[in-house]
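Participant: Pasting a structure below so you can have a look.
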């Protein structure tokens with residue numbers, strides 16, 4: 001049985017398996033089913049990834065940080081990795097809002113997953129991309145530091161401009177699980 005659900009413990013009542021949250025975005029969580037009781041379609045999942053569509057707004061980093069922190073806490077990831085993941089995701093989203101474009105619905109796609117010993121983060125906007133290279137880090141500058149911060153904190157990051165602009169990053173979590 002393949003089910004998609006928003007929370008770790010839920011009852012899937014919709015044929016699509018999608019559940020909305022308070023701000024109207026849809027969660028798609030994928031994971032392995034740990035326990036299922038078929039007569040009620042009650043499923044407990046340990047999700048390994050999440051993809052959310054959030055508004056293309058300056059307030060989105062805060063909302064995404066809350067969701068990512070909850071996900072990583074459920075996976076018992078170390079506080080240091082959680083902090084670093086939140087920093088990287090915030091900078092990726094802030095860069096998208098500052099330099100990218102929303103999709104037709106006024107949103108962006110934000111994805112995170114645990115893949116083996118890696119935390120993978122991704123932000124997709126509808127922009128055509130610009131020159132995405134970190135500049136020299138200037139502690140006195142009020143802007144232009146996002147990619148430099150990502151470059152310092154993430155173990156690896158890259159850009160894919162085949163369908164909009166997707167900035168992705170990886171952080172090691174080897175001792176955190």
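Numbering (full-length UniProt numbering), first residue to last: 1 to 177.
Quick reminder that beta carbons are idealized off the backbone N, C-alpha and C, glycines included.
Keep in mind it's a predicted model, so treat the numbers as computed, not measured.
Thinking just about the alpha-carbon of each residue, which of 62, 82 and 119 is nearest to the one in residue 194?
Facilitator: Coverage of the chain is limited to positions 1 through 177, which leaves residue 194 absent and any answer about it impossible.
Participant: Does DSSP classify residue 92 as helix, strand or coil?
Facilitator: Looking at residue 92 - three-state DSSP - the assignment turns out to be helix.
Participant: Excluding the five sequence neighbours on either side, which residues of its own chain have a C-beta within less than 6 Å of the C-beta of residue 167, listed in chain order?
Facilitator: So the qualifying residues of the chain are 92, 123 and 159.
Participant: To the nearest angstrom, how far is the alpha carbon of residue 97 from that of residue 57?
Facilitator: 6 Å
Participant: Since residue 88 and residue 121 should fall inside the 8 Å C-beta cutoff, what is the C-beta to C-beta distance between them, to a whole number of angstroms?
Facilitator: Correct: roughly 6 Å between the Cβ atoms.
Participant: Classify residue 37: buried if its beta carbon has 16 or more other beta carbons within 10 angstroms, exposed otherwise.
Facilitator: Low per-residue confidence applies at residue 37: pLDDT is 43, beneath 50, and the placement is therefore not dependable, though the value from the model is reported in the following sentence. Only exposed fits residue 37, as fewer than 16 other CB atoms lie within 10 angstroms of its CB.
Participant: Would residue 126 and residue 101 qualify as a contact pair, given that the criterion is a beta-carbon distance under 8 Å?
Facilitator: yes
Participant: Across which residues does DSSP place residue 115 in a beta bridge pair?
Facilitator: 118
Participant: Return the bridge partner residues of residue 125 from the DSSP annotation.
Facilitator: For residue 125, which the question treats as bridged, DSSP gives the partners 165.
Participant: Would you list the residues sitting across from residue 172 in a DSSP beta bridge?
Facilitator: Residue 172 pairs with 118.
Participant: Is it the case that the Cβ atoms of residue 172 and residue 86 are separated by a distance below 8 Å?
Facilitator: no
Participant: At which residues does the beta strand (DSSP E) containing residue 159 begin and terminate?
Facilitator: For residue 159, the enclosing beta strand (DSSP E) stretches over residues 156-160.
Participant: Among 67, 68, 99 and 73, which one has its Cα closest to the Cα of residue 165?
Facilitator: 99
Participant: Per DSSP, which residues does residue 53 bridge with? Please list them.
Facilitator: 109
Participant: Take the Cβ of residue 60 as the centre, count every other Cβ of all protein chains shown within 10 Å, and call the residue buried at 16 or more, exposed below.
Facilitator: buried
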